[in-house]
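Residue numbers (my numbering): 34 to 715.
Positions of the beta carbon are idealized from the N, C-alpha and C atoms, including for glycine.
Predicted, not measured: the structure shown is a model, and the values here were computed from it.
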Amino acid sequence: MSIADDGEQLSLLRARAPKRPPSPVPVAPTDPVAVVQVDTGLAHLDRPFDYLVPADLDADARAGVRVKVRFSGRDLDGFILERRAETEHDGRLKLLRRVVSPEPVLTPAVLAACRRVARHYAGPLGDVLRLAVPPRHAAAEKALAQDVPQPPVTQSREGLADVPPSWIPYAVGPAFLGRLRSGGSPAASVVALPGHGGLRMLAEAAAVAHAAGRGALLVVPDARDVAHVEEQVLDLLGPGHHVRLTADQGPQARYTAYLKALRGHVRIVVGTRAAAFAPVRDLGLVAWWDDGDSSLDELRAPYPHVREVLAIRAEVESAALLSAGWTRSVTLEQWVREDRVKSIVASRSLVRASSPRVRVASDETEGARDVTGGQARLPSLAWRTAKDALAKGPVLVQVPRRGYVPALTCQDCRRPARCAVCSGPLRLAESGGFPTCGWCGQVASAHRCAHCESPRLRAAVIGARRTAEELGRAFPGVPVATSGGATILDTVDDRPRLVIATPGAEPAVEGGYAAGLLLDAWALLDRPGLDAGEEAVRRWFAAGSLVRGSEQGGVVVLVGSPAHVTVPPVEALVRWDPSWFAAKELDERSGLGLPPASALATLTGARRHLMAAVEGVAWPAGSRVLGPLPVGAAGADRLLVTTSRSQGEALADVLRGVRAMVAARREGEPIQIRMDAPDPSG
DNA sequence: GTGCGAGTATGA
DNA sequence: CATACTCGCACC
């Protein structure tokens with residue numbers, strides 16, 4: 034290490050360089066070296082670089098602050114990871130240019146979690162830091178007073194029962210909460226009992242953590258759930274103990290929320306996936322709702338899932354971990370099986386009483402499509418159920434989102450309509466016209482079913498609006514409310530009416546719906562992809578959980594399911610046994626070597642670049658490399674690599690090397706590398 | 001990505 | 001031999 038130059042280019046090796054005497058800038062007296070993670074955006078430069086701290090920046094240049102540094106002739110952003118006495122770098126060190134803000138926004142715990150997330154997803158740390166720490170907002174920093182007192186930690190447990198209400202149905206609930214309260218780090222996957230709180234379990238667990246002087250981080254799929262959980266937290270603890278953190282609140286509000294958590298103004302953060310990295314003080318609990326919801330998947334590289342981020346954070350900070358939902362995802366079932374989390378479910382007798390009775394109306398067998406004069410797609414069982422229930426309260430009708438299921442089926446034999454050229458699924462554009470192939474784009478202007486030669490096609494899904502009209506006609510005089518798309522109803526009152534909703538937009542109703550109709554079951558199950566069954570189960574249980582339990586006469590009718598065949602998702606619904614389904618699905622995937630039973634990586638890009646990138650790569654022992662196969666329409670290919678779960682980290686490490694190599698040699702066109710892609714085949 | 005040195009091509 | 005160019009790699 035030598036005395037710094039002024040930060041500009043000055044090579045002593047070059048004779049021609051103007052022999053300016055190095056103007057000695059005083060550096061910090063202790064730990065003058067700042068280890069800086071520079072945001073270069075280049076995978077092969079994803080490592081820390083050392084800089085010298087000028088004396089005048091000494092106080093501000095703490096670990097965790099944002100800085101500007103000169104790097105390869107450009108001014109780049111970075112974070113100080115640590116201060117050191119010495120450097121290991123042989124050359125000259127440049128000076129830190131500037132401390133962007135003295136706020137140490139990257140805490141050691143969050144940094145540790147980011148490193149592990151980066152490793153898990155074979156991505157650059159820089160990318161993860163970009164997800165974790167929101168962009169600085171100077172006005173927000175200024176507006177938030179430095180001296181807001183931390184709320185006194187409520188050590189008293191008055192007003193909070195040992196086992197809060199929503200946790201009562203679970204035999205091992207007290208054990209989980211007890212360990213949370215006493216500073217332990219239990220981990221559990223809860224299958225929530227309908228009618229007993231659901232989301233409220235998260236808020237109550239947070240209140241338990243809070244009472245024990247621990248912080249809590251609650252992540253839910255969407256803004257509606259955030260509002261709901263906030264309400265519950267307010268109800269339990271009163272104002273001033275939590276903050277909302279979502280991406281859609283805008284840069285200033287988001288940064289303010291981040292700072293409030295960072296500075297310890299509040300110890301509870303409630304938010305969407307943007308909150309998963311929030312620097313909650315004394316983190317004692319991480320919890321999330323509905324693991325299978327795709328909103329928990331980050332959309333920016335390296336695409337970490339909330340589940341993975343929170344599990345890592347729980348481990349880094351010795352916090353309790355709680356995943357809850359109406360169903361259990363296959364991944365969480367895998368975690369249960371690995372004993373990473375304990376299964377928490379209510380007893381079968383409670384489940385039977387609290388869940389609605391489920392009946393299956395296959396439109397083929399009921400054959401009563403005509404009850405309403407020919408238009409509505411409503412078998413008589415569904416119609417009669419709704420009719421009866423409307424005397425007692427509102428009836429929920431779940432319809433798949435318009436355009437959500439693009440598949441077409443044969444009107445006569447009900448088999449999926451396939452492209453004559455490549456056997457891909459045919460789709461109908463919303464704008465109409467001929468069906469086209471979803472894989473090769475071929476226009477099927479003269480389609481005939483490959484099985485029965487019928488030219489007639491059946492749109493698997495009709496949109497919510499049309500369904501509303503049809504049902505309105507089927508039940509004259511009954512008010513119809515719709516929720517979905519741009520207009521989402523939060524709640525409806527308990528007067529009799531039809532409530533037509535798309536999945537995820539079902540309004541809550543005090544006391545529960547008298548009945549629920551789940552339409553187009555067939556279409557939902559028929560979706561392409563690994564997780565069609567899992568997804569159908571999620572959606573059906575989410576709607577069914579809003580219906581009164583069988584004890585109060587609640588009934589759910591599944592409409593349009595496969596005739597004469599009992600597929601596991603349907604059986605799971607009828608028995609109201611989500612964990613049974615998860616276990617069965619996991620067994621099946623284990624048998625096929627598919628995730629989450631195995632680790633999986635996808636590499637996407639032009640075929641020759643893929644081949645160049647993986648040439649000579651030593652995959653972990655036992656890995657399978659599949660492909661490359663074409664995906665999408667852009668001429669890209671995809672390579673799949675699977676390996677055992679125990680080799681997952683090793684696979685990620687190999688891929689990190691591949692990524693760095695591709696980035697370093699410039700002719701290497703960008704290829705996308707992704708671990709645990711939710712839809713590896715499409 | 002950018003900047004720089006090494007290495008190589010080019011022409012007098 | 002001087003100059004012009006590309007290539008490969010380090011970047012603190």
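- The C-alpha of S413 lies about 36 Å from the C-alpha of D255.
- In the structure shown, V143 falls within a helical segment according to DSSP collapsed to helix, strand and coil.
- G273 counts as exposed, since fewer than 16 other C-beta atoms from the protein chains shown sit within 10 angstroms of its C-beta.
- Distance from the CA of L75 to the CA of G690, rounded to the nearest whole angstrom, comes to 13 Å.
- The distance from the Cβ of R390 to that of S583 is about 5 Å, consistent with a contact at the 8 Å cut-off.
- Around the CB of K293, 16 or more other CB atoms lie within 10 Å, so the residue is classed as buried.
- Assigned with DSSP and collapsed to three states, P284 falls in helix.
- DSSP places R689 within a helical segment (H, G or I) once states are collapsed to three.
- Between the alpha carbons of R333 and E682 lies a gap of roughly 20 Å.
- In this structure, the straight-line span from the alpha carbon of A697 to that of G304 is close to 37 Å.
- A straight-line Cα-Cα distance of about 7 Å links L269 and E237.
- Cβ-Cβ distances below 6 Å link A347 to V319, L354 in the same chain, with the five nearest sequence neighbours on each side left out; the list follows chain order.
- Annotation: the continuous alpha helix (DSSP H) that includes R417 extends over 413-422.
- Here R80 is exposed. Its C-beta has fewer than 16 other C-beta atoms within 10 Å.
- For L672, the uninterrupted beta strand (DSSP E) segment begins and ends at 669-677.
- In the structure shown, H275 adopts extended strand secondary structure according to DSSP, grouped into three states.
- Between V166 and V133, the beta carbon gap of about 11 Å keeps them out of contact (Cβ cut-off 8 Å).
- For W321, there is no enclosing alpha helix (DSSP H); the enclosing beta strand (DSSP E) has its first and last residue at 316-322.
- In the DSSP annotation of this structure, A309 is not part of any beta strand (DSSP E), being labelled neither H nor E.
- Note that the C-beta distance between P198 and Q367 is not below 8 Å.
- Ranked by Cα distance from D123, the first of D83, P602, A244 is D83.
- Between the C-alpha atoms of G217 and D315 there is a straight-line separation of about 12 Å.
- Nearest neighbour of R392 by Cα position, chosen from S623, V100, V589, turns out to be V589.
- Comparing alpha-carbon positions, the option among E371, A450, L531, Q444 lying closest to R506 turns out to be L531.
- DSSP places G638 in no alpha helix (DSSP H) but in the uninterrupted beta strand (DSSP E) bounded by 631-638.
- When rounded, the separation of the alpha-carbon atoms in P284 and K375 is 38 Å.
- Taking C-alpha positions only, G649 is separated from V276 by approximately 50 Å.
- By the 16-neighbour rule on beta-carbons within 10 angstroms, A548 is buried.
- For C443, the number of other beta carbons within 10 angstroms of its own is at least 16, and it is reported as buried.
- The three-state secondary structure of S356, taken from DSSP, is strand.
- For L226, same chain residues with a beta-carbon under 7 Å away, outside a window of 5 residues either side, are P202, A379, L383, V384, S387 in chain order.
- With a 10 Å radius around the Cβ and a threshold of 16 neighbouring Cβ atoms, L662 comes out exposed.
- With contacts defined by Cβ atoms closer than 8 Å, V580 and L423 do not form a contacting pair.
- With respect to the 8 Å criterion, R560 and P536 are not classified as neighbours on the basis of their beta carbons.
- Counting the other CB atoms within 10 Å of its CB gives P219 a total of 16 or more, which places it among the buried residues.
- Residue pairing by DSSP places D108 opposite R103 in a beta bridge.
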